[in-house]
Every structure is written in structure tokens, then in C-alpha cells.
Amino acid sequence: MMWNMVHSVFFDLDGTLFDTLGDIRAAINYALRAYDGTEASPDEVRRYVGRGLRRALAQAVAEHCPPLSDEGEFELMLQLMMGYYRNHPCVYTVPYPGIPELLENLGRNGIAVGVVSNKTDDLVKAVIEHYGYSFGFVSGQRSDYPLKPDPSLLLHAIGQVGSDAAHSVYVGDSEVDAETGSRAGIRTFIVSYGFRRKEELSAAGIEETLENTAELASSLSAYFMKPW
Numbered sequence: 033m034m035w036n037m038v039h040s041v042f043f044d045l046d047g048t049l050f051d052t053l054g055d056i057r058a059a060i061n062y063a064l065r066a067y068d069g070t071e072a073s074p075d076e077v078r079r080y081v082g083r084g085l086r087r088a089l090a091q092a093v094a095e096h097c098p099p100l101s102d103e104g105e106f107e108l109m110l111q112l113m114m115g116y117y118r119n120h121p122c123v124y125t126v127p128y129p130g131i132p133e134l135l136e137n138l139g140r141n142g143i144a145v146g147v148v149s150n151k152t153d154d155l156v157k158a159v160i161e162h163y164g165y166s167f168g169f170v171s172g173q174r175s176d177y178p179l180k181p182d183p184s185l186l187l188h189a190i191g192q193v194g195s196d197a198a199h200s201v202y203v204g205d206s207e208v209d210a211e212t213g214s215r216a217g218i219r220t221f222i223v224s225y226g227f228r229r230k231e232e233l234s235a236a237g238i239e240e241t242l243e244n245t246a247e248l249a250s251s252l253s254a255y256f257m258k259p260w
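Here it is, written out as C-alpha cells:
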């Protein structure tokens, strides 16, 4: 397939635009402690994320918590985690080095920019609003679309900014993102500076990765109408 010049770029949030690991870990561990669980380490939480916060907590509970009495108890833990996270969304969260400049350059070149995440929608918006960034489309998990790697929300986002698959790029940091982009039929870049290390991505069959935002900027610029 011939890739045309890029009109729109869509990003995953966690591990791609922002290092959110500290705040996700704090929220998970808050819920674990309330049920006599042991704390999950940063590397463990890094492994849990990617398919939504509910699934991340479920994995943490399985590895760090005494057996729960029923599903209702898990739902209470989920409420605890989400309540804590909503009240502390950006204590540790920061954009990765080079991301502010990258977003500025995309805007200067007239590229529509969006965010498609498996994170709960209100938390996605809270992080972005905290830093004052402006995007043409922003969405996290929502009831009318399945989670990634289903490509439906990404394809909807592309249409919402007036672009199409042939003129779009998707950027993520995990095997979930790689599958999402593949199923959407769009050019996809996977970074290895986020929540998945290069060796983990390689083990998942992803050999081509970008190790920092400078490499990402360079790779994206090859598809622009105008040089940076």
C-alpha cells in the first residue's frame, strides 16, 4: 500500500503522550491497600495497563490481593480506585520529553491531531485539560465503542477531523496499539520509550519501534507536505 502525505495524526495517551504510570499505580495501590493487598510495583503496573483500567485492576487483584468474596467486592474496589484517580489525576503525570514541541510542530504544519485511548474518557480529558493542550478529537473509553484493539473509535476519530485512513497516522506504545492501527488499515508507529520496552515489543512481534520523541518526530515529518 502506498502511504500518502499525512493530514492527521492520532495518539494513544498513556505511555505515548504522557507518562501516567505514577498516578495509575497510586490509584491501583490505594484500592489494594483497602482490601489488605500488597502494593504493585511500577514494572507490574506497566505490564497491567493497555486494555483499560478495569482490566488493569483485575490483574493487580489477582496478583496482590487475598481472594475476594464475590464480584460485588471487586466493583467496590474499582469504585475506590476510580474515585482516587479522579481526585488525583496529575500528581505524577507529565508529558514525555519532546512531546510539547512535537505537538506544536504538528499544529504549525496544519496537521489535525487527536487522542484515542482505552483510559476512562473523563480521565483522558482531565489529563489533557490539566496541561492545556488543544486537539481536534479526544476520546477515552466510551459505552458506544469497544476498546482497542477494535479500530472502530480510531476510524470514527479520523472521520471526525475530516481525514481518511490513507492520510492518517496512529502512534502508540503497545501491542494493543499495533493491532489497532493494523486493523484500521493506517500507518502506525510504535514507540519504545513508554510502557512497553523494546524487548517486550519485539517478543510480541513488533520489530520496528521508535526509541524517543526525536525519532518519532523525524519519522512523522517524512509524511508531511512541508518540512519542519
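Numbering of the sequence shown is given in the numbering used here, commencing with residue 33 and proceeding in unit increments.
Glycine is no exception: its CB is placed at the ideal position from the N, C-alpha and C atoms.
Tell me the start and end of each unbroken beta strand (DSSP E) in the region 137 to 203 that is at least 3 residues and wholly inside, in chain order. 144 to 152 and 169 to 173
Drop a sphere of 10 angstroms on the beta-carbon of G226, count the other beta-carbons inside from all chains shown, and report buried for 16 or more, exposed for fewer. By one-based count along the sequence shown, residue 226 stands at place 194. The residue is buried, with at least 16 neighbouring Cβ atoms inside 10 Å.
Which whole-angstrom value is the C-beta distance of G146 and F50, which I expect to be below 8 Å? Stepping through the sequence shown from its first residue, residue 146 is reached at position 114. Stepping through the sequence shown from its first residue, residue 50 is reached at position 18. Wrong, their Cβ atoms sit about 15 Å apart, outside the cutoff.
Between which residues of its own chain and A246 is the CB-CB distance below 8 Å, once the five residues before and five after are set aside? Start at 1 with the first residue of the sequence shown, and residue 246 comes out as number 214. Excluding sequence neighbours, A246 sits near G130.
Might you give, ordered along the chain, the residues of its own chain that have their beta carbon closer than 8 Å to the beta carbon of L187, omitting 5 neighbours on each side? Mapped onto the sequence shown, residue 187 falls at position 155. So the qualifying residues of the chain are A197 and A216.
Quick check on the burial criterion: 16 or more other C-beta atoms within 10 angstroms. Buried or exposed for D102? The sequence position of residue 102 within the sequence shown is 70, counting from 1. Per the 10 Å Cβ criterion, exposed.
Whole angstroms is fine: what's the gap from A164's alpha carbon to M114's? As a working note, residue 164 is residue 132 in the sequence shown. As a working note, residue 114 is residue 82 in the sequence shown. Reading off the sequence, residue 164 comes out as Gly, not Ala. Approximately 23 Å, taken between the alpha carbons.
So the candidates are L155, G142 and I143; which of them puts its Cα closest to the Cα of N119? Residue 119 sits at position 87 when you count from the first residue of the sequence shown. Considering only alpha carbons, the answer is L155.
Kindly indicate which residue of S234, L53 and D205 has the alpha-carbon position closest to the one of C1. Shown here, the chain extends from 33 to 260; a query on residue 1 therefore has no answer.
Just reading off the alpha helix (DSSP H) that I56 is part of, what are its end residues? Against the sequence shown, residue 56 aligns to sequence position 24. I56 -> alpha helix (DSSP H) spans L53 to A66.
Could you tell me the alpha carbon to alpha carbon distance between I143 and E136, rounded to whole angstroms? For this step, residue 143 is matched to residue 111 along the sequence shown. For this step, residue 136 is matched to residue 104 along the sequence shown. Spanning the two alpha carbons is a distance of roughly 10 Å.
Kindly indicate which residue of F167, I218, A72 and L134 has the alpha-carbon position closest to the one of A249. Translated into positions along the sequence shown, residue 249 becomes position 217. Of the candidates F167, I218, A72 and L134, the one whose C-alpha sits nearest the C-alpha of A249 is L134.
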